[in-house]
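Numbering (the UniProt record's numbering), first residue to last: 1 to 304.
The beta carbon of each residue, even a glycine, is placed where N, CA and C say it ideally should be.
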Amino acid sequence: MKGTNITHNSQDIIFKKMSVIFKNETLKYYELNLPKIISVKPTELPVINVSDRNMDFVFELEDNSLLHLEFQTTWKKADLLRFAQYDIALYQKERRKINTVVIYSGKYESAESELDMGLNKYKVLQVFMIKYDGIKRYKEIKGKIEKGEPLTDKDLMDLVFLPLMRNEKSEEEVTKEALELAIEIPDENKKEAVIGSLLGFSDNYVREEYLNKLKEVIRMTKIGASLFEEGVEKGKREGKREGERKGKLEERKELIIEILNQRFGEDFDKRLKEKIRKANEETINQIKKNILNITLEELKELLK
1 MKGTNITHNS
11 QDIIFKKMSV
21 IFKNETLKYY
31 ELNLPKIISV
41 KPTELPVINV
51 SDRNMDFVFE
61 LEDNSLLHLE
71 FQTTWKKADL
81 LRFAQYDIAL
91 YQKERRKINT
101 VVIYSGKYES
111 AESELDMGLN
121 KYKVLQVFMI
131 KYDGIKRYKE
141 IKGKIEKGEP
151 LTDKDLMDLV
161 FLPLMRNEKS
171 EEEVTKEALE
181 LAIEIPDENK
191 KEAVIGSLLG
201 FSDNYVREEY
211 LNKLKEVIRM
221 TKIGASLFEE
231 GVEKGKREGK
241 REGERKGKLE
251 ERKELIIEIL
261 NQRFGEDFDK
271 RLKEKIRKAN
281 EETINQIKKN
291 ILNITLEELK
301 ELLK
């Protein structure tokens, strides 16, 4: 997953929820003829650094091959090269056959599917979500939930992919509506699975500044509570580390003051001591590095 706000523990929570939706599915609803999905796999590839992004999602399939799933709200020919690099890295790590599927949002009706490199050709399967009426499916699923009718596997899958279907609204607005609808699902496991999958996928097409709106929607759900708790704990850990770093810096400042006081005696006045206490870490490091040789004039210049 690409978002910088999602911790590894949060990813684990989301992946577990996604597994409920996708396990034993074939994506047949979107005209793909693939073996059943067994599990969701991590996407970090340490073998090469292909870009500042990870691949979107990797699933393990029933025949021991892999499904590499990418979501695109834009199209550039360079994307095919990026996907090819991902797949080479993934193959180098896993040594398994890879089925790469690119799912395009409702803005696109076609895109190039093959990268011609001469003797070598790289090809992906494509799904164009413009073929699927997002407004109609939203109303149908909403109607079922309001009537208390059970949702089918296709309903759950469509709810997850709803933000990418043909719609008059943006992917972000539809994601928010889909989350609000998912919260109304009576079955707790299905509810959490849909919310987790929507969150996992939304990391690829929702702007970072819009994520807070989505967080507010799911705040009172179990998965929302888990993700918020993880975020709070992360903040506490980072705050503790920052506090420890600042504490050590203050100790270094007092030690420097003590040494310089011995070196310069009365010439090392209160004004200089206060300047050292207010100095930034870079200045303190410079003083520390030359503490036995620095002259009073050099010290004053450094603390200006």
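Note to self: Is lysine 275 a contact residue of the ligand HEM, with contact defined as CB to any heavy atom under 8 Å?
What the structure shows: Of ligands this structure carries none, so the ligand HEM is not represented either.
Item checked: Beta carbon of glutamate 60 nearer than 9 Å to that of leucine 67 -> The residue labelled residue 60 in the question sits at position 60 within the sequence shown. The residue labelled residue 67 in the question sits at position 67 within the sequence shown. Against a cut-off of 9 Å, the Cβ pair of leucine 67 and glutamate 60 comes out as a contact.
Notebook entry, point to check: Hey, tyrosine 205 and phenylalanine 22: beta-carbon distance below 9 Å or not?
Noted result: As a working note, residue 205 is residue 205 in the sequence shown. As a working note, residue 22 is residue 22 in the sequence shown. Not a contact, by the Cβ cut-off of 9 Å.
Check: Are the beta-carbon atoms belonging to tyrosine 30 and valine 102 less than 9 Å from one another?
Finding: Here the question's residue 30 lines up with position 30 in the sequence shown. Here the question's residue 102 lines up with position 102 in the sequence shown. Contact flag unset, no.
Margin query: Which residue marks the beginning of the alpha helix (DSSP H) containing leucine 61, and which one marks its end?
Written below: As a working note, residue 61 is residue 61 in the sequence shown. Here leucine 61 belongs to no alpha helix (DSSP H); instead the beta strand (DSSP E) covers 57-61.
Checklist line | Beta-carbon proximity list for methionine 157, same chain, < 6 Å, skipping 5 on both sides | finding: Position 157 of the sequence shown, counted from the start, is the residue given in the question as residue 157. Here the set comprises Tyr29.
Check: Just how far apart, CA to CA, sit lysine 142 and glutamate 171?
Finding: Here residue 142 refers to the residue found at position 142 when the sequence shown is read from its first residue. Here residue 171 refers to the residue found at position 171 when the sequence shown is read from its first residue. C-alpha separation (whole angstroms): 18 Å.
Next item on the list: Let me know if arginine 95 comes out buried or exposed under the rule of 16 or more other beta-carbons within 10 Å of its beta-carbon.
Entry: Counting from 1 along the sequence shown, the entry for residue 95 is found at position 95. So arginine 95 ends up on the exposed side.
Note to self: Just verifying my parser: in three-state terms, what is the DSSP assignment at isoleucine 141?
What the structure shows: Within the sequence shown, the letter at position 141 stands for residue 141. Note: isoleucine 141 maps to helix in three-state DSSP.
Notebook entry, point to check: Roughly how many angstroms lie between the CA atoms of arginine 137 and leucine 249, to the nearest whole one?
Noted result: In the sequence shown, the residue the question calls residue 137 occupies position 137. In the sequence shown, the residue the question calls residue 249 occupies position 249. Cα to Cα, the separation comes out at about 58 Å.
Check: In terms of residues, what are the limits of the beta strand (DSSP E) holding serine 39?
Finding: The residue given as residue 39 occupies position 39 in the sequence shown. Run containing serine 39: 37-41, per the beta strand (DSSP E) assignment.
Note to self: For tyrosine 122, list the residues DSSP reports as bridge partners.
What the structure shows: Within the sequence shown, the letter at position 122 stands for residue 122. Its beta-bridge partners are Leu115.
Next item on the list: Could you tell me which of Lys17, Thr100 and Asp79 sits nearest to leucine 34, measuring between CA atoms?
Entry: Position 34 of the sequence shown, counted from the first residue, corresponds to residue 34. Nearest option by C-alpha distance: Thr100.
Margin query: Going by C-alpha to C-alpha distance, which of Glu146, Asn261, Lys107 and Leu80 sits closest to leucine 125?
Written below: Taking the first residue of the sequence shown as position 1, residue 125 is located at position 125. The candidate whose alpha carbon is nearest that of leucine 125 is Leu80.
Notebook entry, point to check: Can you tell which of Ile130, Asp87, Ile145 and Val174 has its C-alpha closest to the C-alpha of lysine 121?
Noted result: Here residue 121 refers to the residue found at position 121 of the sequence shown. Cα-wise, what sits closest to lysine 121 is Asp87.
Margin query: Assuming leucine 159 is part of the beta strand (DSSP E), what are its boundary residues?
Written below: The residue you call residue 159 lines up with position 159 of the sequence shown. Here leucine 159 belongs to no beta strand (DSSP E); instead the alpha helix (DSSP H) covers 153-161.
Item checked: Nearest-angstrom Cα separation, counted from leucine 299 out to phenylalanine 83 -> For the purposes of this step, residue 83 is identified with residue 83 of the sequence shown, where counting begins at 1. For the purposes of this step, residue 299 is identified with residue 299 of the sequence shown, where counting begins at 1. Near 55 Å, if we compare the C-alpha coordinates of leucine 299 and phenylalanine 83.
Check: Which residues in the same chain as methionine 18 place their Cβ atom closer than 6 Å to its Cβ, once the five residues preceding and following it in sequence are excluded?
Finding: Your numbering for residue 18 matches position 18 in the sequence shown. Taken in chain order, the residues that qualify are Val40, Gly196, Ser197 and Gly200.
Check: Which term fits methionine 117, buried or exposed, when burial requires 16 or more other beta carbons within 10 angstroms of its beta carbon?
Finding: Residue numbering aside, residue 117 sits at position 117 when the sequence shown is read from its first letter. Flag for methionine 117 reads exposed.
Check: Cα-Cα, which of Asp63, Glu216 and Tyr104 is closest to lysine 97?
Finding: For this step, residue 97 is matched to residue 97 along the sequence shown. Nearest option by C-alpha distance: Asp63.
Checklist line | Three-state class that DSSP yields for aspartate 87 in the structure shown | finding: The residue given as residue 87 occupies position 87 in the sequence shown. Aspartate 87 falls in the helix class under three-state DSSP.
Checklist line | leucine 260 classed as buried or exposed, judged by whether at least 16 other C-beta atoms fall within 10 angstroms | finding: Taking the first residue of the sequence shown as 1, we reach residue 260 at position 260. Leucine 260 is buried by the Cβ-count criterion.
Note to self: Give me the DSSP bridge partner(s) of aspartate 133.
What the structure shows: Locating residue 133 in the sequence shown gives position 133, where the first residue counts as 1. Paired residues: Arg166.
Item checked: Residues near alanine 182 in its chain [Cβ-Cβ closer than 7 Å; skip 5 each side] -> Here residue 182 is taken as the residue at index 182 of the sequence shown, counted from 1. Same-chain partners within the cutoff: Leu159, Lys191, Val194, Ile195 and Leu198.
Check: Distance, Cα to Cα, glutamate 114 vs alanine 78?
Finding: Sequence index remark: in the sequence shown, residue 114 carries index 114 (1-based). Sequence index remark: in the sequence shown, residue 78 carries index 78 (1-based). Approximately 11 Å between the Cα atoms of the pair.
Next item on the list: Return helix, strand or coil for asparagine 261, following the three-state DSSP convention.
Entry: Reading the sequence shown from its first residue, position 261 is the one you call residue 261. Asparagine 261: helix per DSSP, three-state reduction.
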